[in-house]
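Asks: The following block contains the structure, expressed as structure tokens.
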Amino acid sequence: MEQKLKKNDRVVVKIERLGANGEGVAIYKGVVIFVPFALVGDEVLIHIINDKNKFLIAKIIEIKKPSPKRIQPMCPYFSKCGGCDLQHISYADQLLFKKQLIIDTLKKYAGIETQVEDVVPSSKVFRYRNKFAFPVQDVNGEVKIGMFRKNSHQIIEIDDCMLQSERTKIIIKLFKEYMQENKISAYNETTKTGVVKHIVVREAEEDFIMTVVVTDEKFNKFSPLVEKLKTQFSSFGLFKNVNKLNNNVIFGNLDKKIYGIYELSKNEFGVQYFVNNRSFMQVNDEIKNIIYQKILNTLGSQKNVIDAYSGAGLLSSIIAKNGSRVYGVEIVKEATENANKLKVLNNLYNLTNKNGDCAKIIPELAKELEGDFAVVVDPPRKGLDEKVVEAFLKAEPKMIVYLSCGPSTLARDLKKLTEKYNISFVQPYDMFPQTANVETLVCLRLK
Ligand SMILES: C[S@@+](CC[C@H](N)C(=O)[O-])C[C@H]1O[C@@H](n2cnc3c(N)ncnc32)[C@H](O)[C@@H]1O
Numbered sequence: 000m001e002q003k004l005k006k007n008d009r010v011v012v013k014i015e016r017l018g019a020n021g022e023g024v025a026i027y028k029g030v031v032i033f034v035p036f037a038l039v040g041d042e043v044l045i046h047i048i049n050d051k052n053k054f055l056i057a058k059i060i061e062i063k064k065p066s067p068k069r070i071q072p073m074c075p076y077f078s079k080c081g082g083c084d085l086q087h088i089s090y091a092d093q094l095l096f097k098k099q100l101i102i103d104t105l106k107k108y109a110g111i112e113t114q115v116e117d118v119v120p121s122s123k124v125f126r127y128r129n130k131f132a133f134p135v136q137d138v139n140g141e142v143k144i145g146m147f148r149k150n151s152h153q154i155i156e157i158d159d160c161m162l163q164s165e166r167t168k169i170i171i172k173l174f175k176e177y178m179q180e181n182k183i184s185a186y187n188e189t190t191k192t193g194v195v196k197h198i199v200v201r202e203a204e205e206d207f208i209m210t211v212v213v214t215d216e217k218f219n220k221f222s223p224l225v226e227k228l229k230t231q232f233s234s235f236g237l238f239k240n241v242n243k244l245n246n247n248v249i250f251g252n253l254d255k256k257i258y259g260i261y262e263l264s265k266n267e268f269g270v271q272y273f274v275n276n277r278s279f280m281q282v283n284d285e286i287k288n289i290i291y292q293k294i295l296n297t298l299g300s301q302k303n304v305i306d307a308y309s310g311a312g313l314l315s316s317i318i319a320k321n322g323s324r325v326y327g328v329e330i331v332k333e334a335t336e337n338a339n340k341l342k343v344l345n346n347l348y349n350l351t352n353k354n355g356d357c358a359k360i361i362p363e364l365a366k367e368l369e370g371d372f373a374v375v376v377d378p379p380r381k382g383l384d385e386k387v388v389e390a391f392l393k394a395e396p397k398m399i400v401y402l403s404c405g406p407s408t409l410a411r412d413l414k415k416l417t418e419k420y421n422i423s424f425v426q427p428y429d430m431f432p433q434t435a436n437v438e439t440l441v442c443l444r445l446k
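FYI, in numbering that gives the first Met the number 0 the residues of the sequence shown are 0 to 446.
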């Protein structure tokens, strides 16, 4: 009898479909094998790297026969760095993959078969991100700036990222020079020594804010960096953040401004707002605005709107500016403080920002508004809390507009909500070209 494949085995397989993370899926003697960076139709020699009992994970050793759909990735780091999943697939095929993913996920997890619109594309398929966070590490005495390999802390050194603006490569180059010339140490995860851990940059057209995350609050040698950046850029801000902990969180609690502008100032939909490196803000400005416009059009002239999971409050402010009475609900204190700044700055007397857990606040608000309200929800990947779903089913808001970044949790929540609601549209958006992520906007109306 033939043995089941196991770790370190090698075999040639044909890829049959793509999985939810954009990876190739092969079936070999009845066992599912996930092969990142493989494409439907590829024949690949694979090496099994992980046996998860119900399925196997493998890496490509050699593409024996490429799929006719395979294209040459634009980035030399593709498949090494963990940032992109789909550069070997044409943009048109990436959009088809994402649409099919939503169709399949709704069917698989919720039994929902409904029309899913074509994915709204991003006009920039590269260089669309407005923020990057690159780890800086000491590897055997050498400073490396880059991205982590997928699911690991192994740093892949890069000198540019195709998802970021052209400015990124200049910043990386200058920052490396600054560290070398001034003998500044990078953090070593093994010995837990060294100073610089991360650089984080948030960009606008004209200017940017850079934060250098360090382990030592006394470290202050920033003037050579300011001078270097000034040779290339006329407007920027530089911050120090201190994170002494050896964990996966980028920022520590202490921020100090070193130089230049404090925040990026923007105006969208008539709302003036500010962002810094600590604010949650969608990374693709174009798609963010297309989604916000669709949300405004869908809501129309609602009297009361609850904006649940409201983040730094930009969307709540935009809806309030449009005339509705808005209640923003957000769990992170700093984000609610930011939302209150926007309220004051834009004279939005019809906006109330509540800080706390949606699971607690939504049922209270729903009771207060006696069903005369619409809801916008934009939860993290884990989706809606059960208590929030229950509150909606009990209070019966007229309309629920659900923006999701997690297709399977969206499906789980829709399964319950469709007991009382009809789906009026499912519209996916490509917020993150070259990656397997997709944002989906769903409008639900009370039956
Ligand atoms: C995807 S972001 C949405 C941000 C915002 N709607 C926007 O467009 O910028 C999700 C937000 O939900 C917040 N959040 C997560 N769990 C929450 C909870 N249980 N109650 C309230 N807010 C929560 C997070 O802090 C985060 O700001």
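Each residue gets a CB set at the ideal place from its N, CA and C atoms; glycine is no exception. Predicted model, so just to flag it, every value in this text is computed and none were measured.
Which residues share a DSSP beta bridge with Ile154?
Replies: As a working mapping, residue 154 is identified with position 155 in the sequence shown. Looking at the DSSP assignment, Ile154 forms a beta bridge with Phe147.
Asks: Residues in its own chain within less than 6 angstroms of Ser78 by CB, not counting five upstream and five downstream?
Replies: Your numbering for residue 78 matches position 79 in the sequence shown. Correct list, in chain order: Phe36.
Asks: Compare the C-alpha of Tyr186 against each of Ile171, Met161, Val135 and Val211 and name the closest.
Replies: For the purposes of this step, residue 186 is taken as the residue at position 187 of the sequence shown. Measuring from the Cα of Tyr186, the nearest candidate turns out to be Val135.
Asks: Just list the alpha helix (DSSP H) runs in the region 19-59, keeping only unbroken ones of 4 residues or longer that don't cross its boundaries, in chain order.
Replies: Correct list: empty.
Asks: Write down the C-beta distance between Phe238 and Asp254 rounded to the nearest angstrom, noting that I regard them as a contact closer than 8 angstroms.
Replies: Locating residue 238 in the sequence shown gives position 239, counting from the first residue. Locating residue 254 in the sequence shown gives position 255, counting from the first residue. Indeed they touch by this definition, with Cβ atoms about 6 angstroms apart.
Asks: Please state if the CB of Arg444 and the CB of Met398 are separated by a distance shorter than 8 angstroms.
Replies: Residue mapping note: residue 398 aligns to position 399 of the sequence shown, counting from 1. Residue mapping note: residue 444 aligns to position 445 of the sequence shown, counting from 1. In contact: Met398 and Arg444 (Cβ atoms closer than 8 angstroms).
Asks: Measure the alpha-carbon distance for Val142 versus Met161 and round it to whole angstroms.
Replies: Taking the first residue of the sequence shown as 1, we reach residue 142 at position 143. Taking the first residue of the sequence shown as 1, we reach residue 161 at position 162. Distance between the alpha carbons of Val142 and Met161 is about 22 angstroms.
Asks: Buried or exposed: where does Asp117 fall if 16 or more other Cβ atoms within 10 Å of its Cβ makes it buried?
Replies: Translated into the one-based positions of the sequence shown, residue 117 becomes position 118. So Asp117 ends up on the exposed side.
Asks: Does the distance from the CB of Leu72 to the CB of His87 come in under 8 angstroms?
Replies: As a working note, residue 72 is residue 73 in the sequence shown. As a working note, residue 87 is residue 88 in the sequence shown. In the sequence as displayed, the identity of residue 72 is Pro instead of Leu. Taking 8 angstroms as the Cβ cut-off, Pro72 and His87 qualify as a contacting pair.
Asks: Can you tell me which of the three DSSP states Lys287 falls into?
Replies: In the sequence shown, residue 287 corresponds to position 288, counting from 1. Lys287 falls in the helix class under three-state DSSP.
Asks: Excluding the 5 residues flanking Met0 on each side, which residues of the same chain have their C-beta closer than 8 angstroms to its C-beta?
Replies: As a first step, residue 0 is located in the sequence shown; it is residue number 1 there, counting from the start. Its pLDDT being 48, under 50, Met0 is placed unreliably in this model, and the coordinates cannot settle the point.
Asks: Beta-carbon within less than 6 angstroms of Lys130's beta-carbon, same chain only, minus the 5 sequence neighbours each way: which residues are those?
Replies: Position 131 of the sequence shown, counted from the first residue, corresponds to residue 130. If we look at Lys130 and ignore the five residues flanking it on each side, its Cβ neighbours are Arg201 and Val282.
Asks: Apart from the five residues just before and just after Lys446, which ones in its own chain have a Cβ nearer than 8 angstroms to its Cβ?
Replies: Here residue 446 is taken as the residue at index 447 of the sequence shown, counted from 1. Result list for Lys446: Lys419, Tyr420 and Asn421, in chain order.
Asks: Can you tell which of Ile260, Pro378, Ile257 and Lys243 has the C-alpha that lies nearest to the C-alpha of Asp306?
Replies: Position 307 of the sequence shown holds residue 306. Minimum Cα distance to Asp306 is reached at Pro378.
Asks: How about Glu156 and Gly145: do their beta carbons lie closer than 8 angstroms?
Replies: As a position in the sequence shown, residue 156 is number 157, starting the count at 1. As a position in the sequence shown, residue 145 is number 146, starting the count at 1. Closer than 8 angstroms, so yes.
Asks: Do you know whose CA, among Pro432, Asn247, Val437 and Leu44, lies nearest Arg448's CA?
Replies: A question about residue 448 goes unanswered here, because the residues of the chain that appear run from 0 up to 446.
Asks: So is the beta-carbon of Leu313 under 7 angstroms away from any non-hydrogen atom of ligand 1?
Replies: For the purposes of this step, residue 313 is taken as the residue at position 314 of the sequence shown. Checking the Cβ of Leu313 against ligand 1 gives yes.
Asks: So, Lys149 versus Asp158, is the Cβ gap smaller than 8 angstroms?
Replies: If you number the sequence shown from 1, residue 149 lands on position 150. If you number the sequence shown from 1, residue 158 lands on position 159. Contact: no.
Asks: Between the Cα of Asp84 and those of Ile290, Glu329 and Asn20, spot the shortest distance and give me the residue it belongs to.
Replies: Residue mapping note: residue 84 aligns to position 85 of the sequence shown, counting from 1. Considering only alpha carbons, the answer is Asn20.
Asks: Should Gly299 be labelled buried (16 or more other beta-carbon atoms within 10 Å of its own) or exposed?
Replies: As a working note, residue 299 is residue 300 in the sequence shown. Result: exposed.
Asks: Within its chain, find whatever has a CB closer than 6 angstroms to the CB of Met280; leave out the 5 residues flanking it on each side and keep chain order.
Replies: Here residue 280 refers to the residue found at position 281 of the sequence shown. The residues are Val274.
Asks: Would you say the beta carbon of Ser89 comes nearer than 7 angstroms to a heavy atom of ligand 1?
Replies: As a working mapping, residue 89 is identified with position 90 in the sequence shown. Because no heavy atom of ligand 1 lies under 7 angstroms away, the Cβ of Ser89 does not count as near it: no.
Asks: What is the rounded straight-line gap between the Cα of Lys243 and the Cα of Phe218?
Replies: As a first step, residue 243 must be located in the sequence shown, where it is residue number 244. As a first step, residue 218 must be located in the sequence shown, where it is residue number 219. About 12 angstroms.
Asks: Beta carbon of Ala338: closer than 7 angstroms to some heavy atom of ligand 1?
Replies: Here the question's residue 338 lines up with position 339 in the sequence shown. It does not: the Cβ of Ala338 is nowhere closer than 7 angstroms to a heavy atom of ligand 1.
Asks: Excluding the 5 residues preceding and the 5 following Thr210 in the sequence, name in chain order all residues of the same chain whose CB lies nearer than 6 angstroms to its CB.
Replies: If you number the sequence shown from 1, residue 210 lands on position 211. Within the same chain, Thr210 has close Cβ partners Val199, Phe238, Asn240 and Asn276.
Asks: Express the C-alpha separation of Thr230 and Asp206 in angstroms, rounding to a whole number.
Replies: To locate residue 206, count along the sequence shown from 1; it is residue 207. To locate residue 230, count along the sequence shown from 1; it is residue 231. Answer to the nearest angstrom: the Cα atoms are 14 angstroms apart.
Asks: Evaluate Ile170 with the Cβ neighbour count: other Cβ atoms within 10 Å of its Cβ, from every protein chain shown; 16 or more gives buried, anything less gives exposed.
Replies: Looking up residue 170 in the sequence shown gives position 171. Ile170 is buried by the Cβ-count criterion.
Asks: Given Val119, which residues of its chain have a CB within under 8 angstroms of its CB, disregarding the five upstream and five downstream residues?
Replies: Locating residue 119 in the sequence shown gives position 120, where the first residue counts as 1. Hits under 8 angstroms: Ile286, Ile289, Gln426, Pro427, Tyr428 and Asp429.
Asks: What are the start and end residues of the beta strand (DSSP E) that includes Asn252?
Replies: Numbered from 1 along the sequence shown, position 253 holds the residue referred to as residue 252. Segment: none, Asn252 is in no beta strand (DSSP E) and carries neither H nor E.
Asks: Who does Cys83 pair with in a DSSP beta bridge?
Replies: For the purposes of this step, residue 83 is taken as residue 84 along the sequence shown, with counting starting at 1. In DSSP, Cys83 forms no bridge with anything.
Asks: Tell me the rounded alpha-carbon separation between Tyr108 and Ser407.
Replies: On the sequence shown, residue 108 is found 109 positions in, with the first residue counted as 1. On the sequence shown, residue 407 is found 408 positions in, with the first residue counted as 1. About 7 angstroms.
Asks: What did DSSP end up calling Pro134 once you bin it into helix, strand or coil?
Replies: Locating residue 134 in the sequence shown gives position 135, counting from the first residue. Three-state result, Pro134: strand.
Asks: Going by the DSSP bridge assignment, what does Glu165 pair with across the sheet?
Replies: On the sequence shown, position 166 is the one that residue 165 refers to. DSSP lists no partner for Glu165.
Asks: Between which two residues does the alpha helix (DSSP H) holding Tyr108 run?
Replies: For the purposes of this step, residue 108 is taken as the residue at position 109 of the sequence shown. Unbroken alpha helix (DSSP H) run through Tyr108: Tyr90 to Ala109.
Asks: Identify whether Met178 lies in helix, strand or coil by the three-state DSSP scheme.
Replies: Reading the sequence shown from its first residue, position 179 is the one you call residue 178. Met178: helix per DSSP, three-state reduction.
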